[in-house]
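Only one structure is covered here, and it is reproduced in the block below.
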Amino acid sequence: MINPYVTYILGFAVSLLVYQFGWSEIYPPIRASLLLFLVVTFIAHFSLSRIWKKKKWGVDQKIPSAKFNPTLVTCFIYALWAADFVYEGGIPLVKILFDLPYDYRQFGVPSLHVFTVTFASFYTVYLFYLFLKTKERIMIFLYFVNFFAAVLIYSRSMLFFNLVSCVFLYLLTLEKIPYRQILLVSPAVILLFYFFGVVGTKRVSFESRVSYNTTLFLDNGKATAQFRSSFIPKEFFWPYFYMSSPMANLQVNINTYQVKPITVSRILEYINNELLFESFSKRVNSFFGIAREKENVIKEPFNVSTVYSRGYSYLGWLGMTITALVVLFLPLLYLKLVRHNPYQLIAVAILCTTYLFLSYDNTIRLMALGFQLVYPILFPMAEKVFVKTVHS
2 MINPYVTYIL GFAVSLLVYQ FGWSEIYPPI RASLLLFLVV TFIAHFSLSR
52 IWKKKKWGVD QKIPSAKFNP TLVTCFIYAL WAADFVYEGG IPLVKILFDL
102 PYDYRQFGVP SLHVFTVTFA SFYTVYLFYL FLKTKERIMI FLYFVNFFAA
152 VLIYSRSMLF FNLVSCVFLY LLTLEKIPYR QILLVSPAVI LLFYFFGVVG
202 TKRVSFESRV SYNTTLFLDN GKATAQFRSS FIPKEFFWPY FYMSSPMANL
252 QVNINTYQVK PITVSRILEY INNELLFESF SKRVNSFFGI AREKENVIKE
302 PFNVSTVYSR GYSYLGWLGM TITALVVLFL PLLYLKLVRH NPYQLIAVAI
352 LCTTYLFLSY DNTIRLMALG FQLVYPILFP MAEKVFVKTV HS
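The sequence shown begins at 2 in our numbering and counts up one residue at a time.
Right, here's the structure in full:
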């Protein structure tokens with residue numbers, strides 16, 4: 002049952018469920034048209050999940066011994082992080098802990114930082130797979146060393162993406178999913194959500210030059226009086242808002258955005274900005290002097306709104322439908338690309354994570370996550386070239 006179609010349904014279903022908590026005053030009600038659209042996608046994804054299972058893709062292949070020394074690769078990755086730290090003038094975590102000026106939006110060496118984040122995330126998952134297969138202590142040690150980079154750069158998204166990919170990878174290596182054990186670790190998940198809120202509160206307090214203050218984000222997200230007076234720790238407003246606000250933004254965009262007439266140029270802009278990697282689409286936009294279409298949101302800076310919102314901005318419901326079809330058939334296409342690949346399980350785990358977070362943003366075009374899907378294809382090629390070069 003671990004496949005991108007199931008995780009897509011899970012991501013959107015959880016978002017809709019959390020939405021019903023009603024902890025924010027600025028959320029619009031979900032209209033029947035959007036609910037019907039999502040239900041239809043659920044049915045389609047459930048149907049293709051059955052096809053995915055019948056393909057019997059998941060026969061585990063023995064991963065070859067690492068052609069590149071993992072310790073040296075880890076040193077290489079941290080050399081890239083060091084370049085980011087030098088460019089920034091310090092380590093983000095240290096800057097925040099000591100109340101030094103820091104803007105996460107400006108962090109990292111331009112262009113190089115994209116490679117650093119994507120490759121480092123892929124390699125973290127890869128090391129976890131090596132540990133699962135070899136049980137070598139050095140592999141789990143290097144895994145934690147690479148995993149800790151997300152803490153150093155104070156990136157909750159990178160931390161969660163990597164963690165979730167590793168969870169999916171672990172489940173994919175099992176013959177049977179241990180549902181009972183999963184339920185037993187649910188308190189750890191709740192604790193992780195609380196930690197997410199603590200980190201977010203710390204960052205907002207730091208940016209506002211005040212001590213740790215949960216009220217700031219409650220005010221930003223217009224928390225209801227009922228939630229403010231409840232016994233629920235206020236740190237949980239962070240995961241609530243992050244899981245549900247994209248759905249609110251999607252509904253706001255559908256309610257208020259004035260979609261322009263559909264033309265060939267609008268369709269091409271939609272393809273460039275919604276179906277291609279952002280690094281490529283930004284360069285195309287710069288070359289032609291155009292900007293990515295905006296979307297109406299509940300308020301800044303809460304400006305993410307699922308994989309569908311900007312499709313609506315470009316082409317209305319037609320744009321959302323095209324996006325839905327691409328999302329629906331992309332996993333089967335990707336499966337063909339990695340079918341005989343020794344890193345197949347790693348690829349599928351990352352794909353499952355990508356689809357889980359489609360309810361949050363367009364993670365297919367998002368370089369930090371979507372581009373990780375390229376590395377399971379490129380890495381075996383690089384290894385073959387390396388081995389050929391060594392033996393020549």
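Each residue gets a CB set at the ideal place from its N, CA and C atoms; glycine is no exception.
Q. Exposed or buried, Gly12, counting other C-beta atoms within 10 Å across all chains shown (16 or more means buried)?
A. For the purposes of this step, residue 12 is taken as the residue at position 11 of the sequence shown. Classification of Gly12: buried, given that the 10 Å Cβ count is 16 or more.
(Q) Quick check on this structure: which residue in Ile10, Ser287, Arg340 and Ile3 has the alpha carbon closest to the alpha carbon of Lys177? (A) Here residue 177 refers to the residue found at position 176 of the sequence shown. Residue Ile3 is the option with its Cα nearest to Lys177.
Q | Three-way DSSP call (helix, strand, coil) for Ser245 in this model | A | Sequence index remark: in the sequence shown, residue 245 carries index 244 (1-based). Helix, per DSSP.
Q: Closer than 6 Å by C-beta to Thr174: which residues in its own chain qualify, once you throw out the five before and the five after it? Chain order, please.
A: Position 173 of the sequence shown, counted from the first residue, corresponds to residue 174. The residues are Leu133.
Q: Spatial neighbours of Tyr195 within its chain, please: CB distance less than 6 Å, with the 5 preceding and 5 following residues excluded, ordered by chain position.
A: For the purposes of this step, residue 195 is identified with residue 194 of the sequence shown, where counting begins at 1. Result list for Tyr195: Glu236, in chain order.
**Q.** 7 Å CB neighbourhood of Asn256 in its chain, flanking five on each side removed
**A.** Here the question's residue 256 lines up with position 255 in the sequence shown. Closer than 7 Å at Cβ, skipping near neighbours: Pro29.
Q) Quick one: what does DSSP say Ser206 is sitting in, helix, strand or coil? A) Taking the first residue of the sequence shown as 1, we reach residue 206 at position 205. It is helical.
Q) Can you list, in chain order, the residues of its chain whose CB lies under 7 Å from that of Pro381, leaving out five sequence neighbours each side? A) Taking the first residue of the sequence shown as 1, we reach residue 381 at position 380. So the list reads Asn342, Pro343 and Tyr344, once near-sequence residues are dropped.
Q) Hey, how far is the Cα of Ile10 from the Cα of Gly90? A) Counting from one through the sequence shown, the residue named residue 10 turns up at place 9. Counting from one through the sequence shown, the residue named residue 90 turns up at place 89. Approximately 42 Å between the Cα atoms of the pair.
Q.
I'd like to know whether the C-beta of Gly198 is nearer than 8 Å to at least one C-beta of chain D.
A. Looking for chain D here will not work: only one protein chain is present.
Q: Could you have a look at Ser266 and say whether DSSP puts it in helix, strand or coil?
A: Position 265 of the sequence shown holds residue 266. Residue state, collapsed to three classes: helix.
Q. Thinking C-beta only, is Ile347 closer than 8 Å to Tyr6?
A. The residue labelled residue 6 in the question sits at position 5 within the sequence shown. The residue labelled residue 347 in the question sits at position 346 within the sequence shown. Not in contact: Tyr6 and Ile347 (Cβ atoms no closer than 8 Å).
Q: Along the alpha helix (DSSP H) that carries Asp220, what are the first and last residues, could you check?
A: Against the sequence shown, residue 220 aligns to sequence position 219. Thr216 to Asn221 is the span of the alpha helix (DSSP H), which, as asked, contains Asp220.
Q: Report all residues from its chain with a CB closer than 6 Å to the CB of Tyr376; omit the five preceding and five following residues, and keep chain order.
A: One-based indexing of the sequence shown puts residue 376 at position 375. Taken in chain order, the residues that qualify are Phe123.
Q.
Quick check: the region 352 to 368 against the region 297 to 313, are at least 3 beta-carbon pairs closer than 8 Å?
A. yes
Q | Length of the line joining the Cα atoms of Val152 and Ser25 | A | Stepping through the sequence shown from its first residue, residue 152 is reached at position 151. Stepping through the sequence shown from its first residue, residue 25 is reached at position 24. Computed Cα separation, rounded: 29 Å.
Q. Smallest Cα separation from Ile154: which of Phe372, Ala83 and Trp53?
A. Sequence index remark: in the sequence shown, residue 154 carries index 153 (1-based). Considering only alpha carbons, the answer is Ala83.
(Q) Could you give the first and the last residue of the continuous alpha helix (DSSP H) run that contains Asp85? (A) Counted from its first residue, the sequence shown places residue 85 at position 84. Note, Asp85: alpha helix (DSSP H), Pro71 to Glu89.
Q) DSSP state of Ala150, grouped into three classes? A) Indexing the sequence shown from 1 puts residue 150 at position 149. Reduced to three states, the DSSP call for Ala150 is helix.
Q. So what's Ser25 in DSSP terms, helix, strand or just coil?
A. On the sequence shown, position 24 is the one that residue 25 refers to. Residue state, collapsed to three classes: strand.
**Q.** Residue closest to Ala249, alpha-carbon to alpha-carbon, out of Ala189, Ser209, Tyr20 and Phe38
**A.** Mapped onto the sequence shown, residue 249 falls at position 248. Measuring from the Cα of Ala249, the nearest candidate turns out to be Tyr20.
Q: Taking all protein chains shown into account, decide if Val41 is buried (16 or more other Cβ within 10 angstroms of its Cβ) or exposed.
A: The residue given as residue 41 occupies position 40 in the sequence shown. Under this definition Val41 is an exposed residue.
Q: For Gln259, count neighbouring C-beta atoms within 10 Å of its own C-beta (all shown protein chains included) and say buried if the count is 16 or more, exposed if not.
A: Your numbering for residue 259 matches position 258 in the sequence shown. Exposed, by the Cβ-count rule.
Q. Tell me which same chain residues have a C-beta within less than 7 Å of the C-beta of Leu172, skipping the five on either side of it?
A. Stepping through the sequence shown from its first residue, residue 172 is reached at position 171. Same-chain partners within the cutoff: Ile3 and Ile178.
Q) Can you name the residues that DSSP bridges to Ala224? A) Position 223 of the sequence shown, counted from the start, is the residue given in the question as residue 224. Answer by DSSP bridge pairing, in chain order: Ser25.
Q) CB-CB under 6 Å to Phe43, same chain, minus the five flanking residues each way: which ones, in chain order? A) Locating residue 43 in the sequence shown gives position 42, counting from the first residue. Result list for Phe43: Ile10, in chain order.
Q: Express the C-alpha separation of Ser50 and Val60 in angstroms, rounding to a whole number.
A: Along the sequence shown, read from residue 1 onward, the residue named residue 60 stands at position 59. Along the sequence shown, read from residue 1 onward, the residue named residue 50 stands at position 49. Low confidence applies here, because Val60 scores a pLDDT of 48, under 50, leaving its location unreliable and the question unanswered by this model.
Q. Rounded to whole angstroms, how far is the Cβ of Leu367 from the Cβ of Glu279, which I believe are closer than 8 Å?
A. Residue mapping note: residue 367 aligns to position 366 of the sequence shown, counting from 1. Residue mapping note: residue 279 aligns to position 278 of the sequence shown, counting from 1. Between Glu279 and Leu367 the Cβ distance is about 6 Å, and since that is below 8 Å, they are a contact.
Q | Identity of the residue in Met321, Leu379, Trp239 and Gly371 nearest Leu338 by Cα | A | As a working mapping, residue 338 is identified with position 337 in the sequence shown. The option with the nearest alpha carbon to Leu338 is Leu379.
(Q) Using the three-state DSSP reduction, which class does Leu370 fall into: helix, strand or coil? (A) In the sequence shown, counting from the first residue as 1, residue 370 sits at position 369. The answer is helix: DSSP assigns Leu370 an H, G or I state.
Q | Local conformation of Phe278 per DSSP, three classes | A | As a first step, residue 278 must be located in the sequence shown, where it is residue number 277. Phe278 falls in the coil class under three-state DSSP.
**Q.** Extent of the continuous alpha helix (DSSP H) to which Asn163 belongs
**A.** Here the question's residue 163 lines up with position 162 in the sequence shown. Its alpha helix (DSSP H) spans residues Arg157 to Leu173.
Q: Report the rounded CA-to-CA distance for Arg106 versus Phe145, giving the unit in angstroms.
A: Translated into the one-based positions of the sequence shown, residue 106 becomes position 105. Translated into the one-based positions of the sequence shown, residue 145 becomes position 144. Each residue's Cα considered, the two are about 25 Å apart.
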